[in-house]
Amino acid sequence: MPTSVTPIDPPNLFHSPAFAQGMIAPAGPTLFVGGQNGTDSEGALLDGLQAQTEQALRNVLAVLAEAGTDAEHVVKLTIYLAAGIDPTDAYGATRSVWGDTRTAVTVLTVTPSRPGALVEIDAVAAIPQ
(Lines of atoms letter the chains of each structure in order from A; the text may use other names.)
(Lines give C-alpha, C1' and ligand atoms only; values in the text may rest on other atoms or scores of the structure.)
Protein backbone atom coordinates (compact mmCIF):
# COMPACT_ATOMS: atom_id res chain seq x y z
CA MET A 160 0.00 0.00 0.00
CA PRO A 161 1.42 3.44 -0.90
CA THR A 162 2.47 5.69 1.96
CA SER A 163 2.44 8.93 -0.02
CA VAL A 164 0.05 10.53 -2.48
CA THR A 165 0.48 9.52 -6.11
CA PRO A 166 -0.40 11.68 -9.13
CA ILE A 167 -2.48 10.07 -11.87
CA ASP A 168 -2.02 11.41 -15.39
CA PRO A 169 -3.65 9.28 -18.11
CA PRO A 170 -1.57 9.40 -21.31
CA ASN A 171 -4.59 10.47 -23.38
CA LEU A 172 -5.12 13.64 -21.28
CA PHE A 173 -3.11 16.86 -21.28
CA HIS A 174 -0.08 16.62 -18.96
CA SER A 175 0.25 19.80 -16.92
CA PRO A 176 3.43 20.59 -15.01
CA ALA A 177 1.28 22.54 -12.52
CA PHE A 178 -1.44 20.04 -11.61
CA ALA A 179 -2.30 16.34 -11.77
CA GLN A 180 -5.46 14.97 -13.36
CA GLY A 181 -6.05 12.87 -10.24
CA MET A 182 -4.39 11.83 -7.01
CA ILE A 183 -4.38 8.57 -5.06
CA ALA A 184 -4.22 9.05 -1.30
CA PRO A 185 -3.07 6.29 1.04
CA ALA A 186 -5.64 4.93 3.45
CA GLY A 187 -5.58 6.69 6.77
CA PRO A 188 -6.56 9.97 8.37
CA THR A 189 -7.65 12.71 5.99
CA LEU A 190 -7.60 16.45 6.67
CA PHE A 191 -10.20 18.75 5.12
CA VAL A 192 -8.94 22.35 5.24
CA GLY A 193 -11.79 24.85 5.29
CA GLY A 194 -11.73 27.80 2.90
CA GLN A 195 -8.89 30.19 3.63
CA ASN A 196 -9.00 33.85 2.60
CA GLY A 197 -6.02 36.14 2.26
CA THR A 198 -6.24 37.32 5.86
CA ASP A 199 -3.42 37.84 8.32
CA SER A 200 -3.38 36.61 11.94
CA GLU A 201 -5.48 39.63 12.99
CA GLY A 202 -8.17 38.81 10.41
CA ALA A 203 -7.27 41.75 8.17
CA LEU A 204 -7.70 41.14 4.46
CA LEU A 205 -4.55 41.90 2.46
CA ASP A 206 -4.67 44.18 -0.60
CA GLY A 207 -4.74 42.74 -4.11
CA LEU A 208 -5.09 39.31 -5.66
CA GLN A 209 -1.43 38.32 -5.45
CA ALA A 210 -1.08 39.22 -1.76
CA GLN A 211 -4.39 37.57 -0.87
CA THR A 212 -3.53 34.37 -2.78
CA GLU A 213 -0.10 34.10 -1.18
CA GLN A 214 -1.59 34.63 2.29
CA ALA A 215 -4.46 32.18 1.69
CA LEU A 216 -1.91 29.54 0.69
CA ARG A 217 0.26 30.30 3.73
CA ASN A 218 -2.90 29.86 5.84
CA VAL A 219 -3.55 26.48 4.19
CA LEU A 220 0.07 25.47 4.88
CA ALA A 221 -0.33 26.51 8.54
CA VAL A 222 -3.41 24.28 8.95
CA LEU A 223 -1.56 21.41 7.25
CA ALA A 224 1.43 21.82 9.56
CA GLU A 225 -0.78 21.94 12.66
CA ALA A 226 -2.31 18.60 11.59
CA GLY A 227 1.10 17.01 10.98
CA THR A 228 1.11 17.08 7.20
CA ASP A 229 2.32 19.32 4.36
CA ALA A 230 1.81 20.31 0.73
CA GLU A 231 3.34 17.03 -0.46
CA HIS A 232 0.32 15.20 1.00
CA VAL A 233 -2.39 17.44 -0.45
CA VAL A 234 -4.59 15.51 -2.87
CA LYS A 235 -6.94 18.36 -3.85
CA LEU A 236 -6.98 22.14 -3.86
CA THR A 237 -10.02 24.17 -4.81
CA ILE A 238 -9.33 27.81 -5.62
CA TYR A 239 -12.29 30.16 -5.72
CA LEU A 240 -11.62 33.49 -7.45
CA ALA A 241 -13.90 36.52 -7.44
CA ALA A 242 -15.73 36.78 -10.75
CA GLY A 243 -14.43 39.27 -13.26
CA ILE A 244 -10.78 39.36 -12.18
CA ASP A 245 -7.76 38.28 -14.19
CA PRO A 246 -6.40 35.10 -12.53
CA THR A 247 -2.80 35.63 -13.71
CA ASP A 248 -1.61 37.05 -10.37
CA ALA A 249 -3.26 34.15 -8.51
CA TYR A 250 -1.43 31.58 -10.64
CA GLY A 251 1.90 33.32 -10.11
CA ALA A 252 1.30 33.61 -6.37
CA THR A 253 0.35 29.95 -6.16
CA ARG A 254 3.65 28.92 -7.71
CA SER A 255 5.67 31.25 -5.46
CA VAL A 256 4.17 29.83 -2.24
CA TRP A 257 3.19 26.28 -3.26
CA GLY A 258 6.28 25.64 -5.39
CA ASP A 259 6.43 22.70 -7.78
CA THR A 260 4.23 20.39 -5.71
CA ARG A 261 1.63 18.91 -8.06
CA THR A 262 -1.88 18.10 -6.89
CA ALA A 263 -5.36 17.94 -8.35
CA VAL A 264 -6.71 21.48 -8.65
CA THR A 265 -10.08 23.03 -9.46
CA VAL A 266 -10.36 26.77 -10.09
CA LEU A 267 -13.79 28.43 -10.05
CA THR A 268 -15.07 31.98 -10.23
CA VAL A 269 -17.63 32.89 -7.56
CA THR A 270 -19.17 35.81 -5.74
CA PRO A 271 -17.18 36.02 -2.49
CA SER A 272 -19.14 35.97 0.76
CA ARG A 273 -16.68 38.37 2.40
CA PRO A 274 -16.55 41.89 0.93
CA GLY A 275 -13.14 42.58 -0.59
CA ALA A 276 -12.09 38.92 -0.72
CA LEU A 277 -10.66 38.06 -4.12
CA VAL A 278 -9.68 34.43 -3.44
CA GLU A 279 -10.54 31.54 -1.14
CA ILE A 280 -8.70 28.21 -1.08
CA ASP A 281 -9.61 24.89 0.50
CA ALA A 282 -7.70 21.62 0.51
CA VAL A 283 -7.92 17.90 1.17
CA ALA A 284 -4.76 16.21 2.46
CA ALA A 285 -3.61 12.81 3.67
CA ILE A 286 -2.01 12.74 7.11
CA PRO A 287 1.07 10.53 7.00
CA GLN A 288 1.18 7.67 9.50
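In terms of our numbering, the sequence shown is residues 160 to 288.
Beta carbons are placed, not taken as given, at the ideal position from N, Cα and C, and that holds for glycine.
Query	Result
For Asp281, the first and last residue of its enclosing beta strand (DSSP E)	Val278 to Ala285
Contact between the segment 256-270 and the segment 194-206 (3+ Cβ pairs under 8 angstroms)	no
Burial state of Ile238, where buried means 16 or more other Cβ atoms lie within 10 Å	buried
Status (buried if at least 16 other CB within 10 Å, exposed otherwise) for Gln180	exposed
Cutoff 8 angstroms; reference Gly243; Cβ partners in own chain excluding five residues on either side	Thr268
Inter-stretch contact (C-beta, 8 angstroms, three-pair minimum) for the segment 215-226 and the segment 169-185	no
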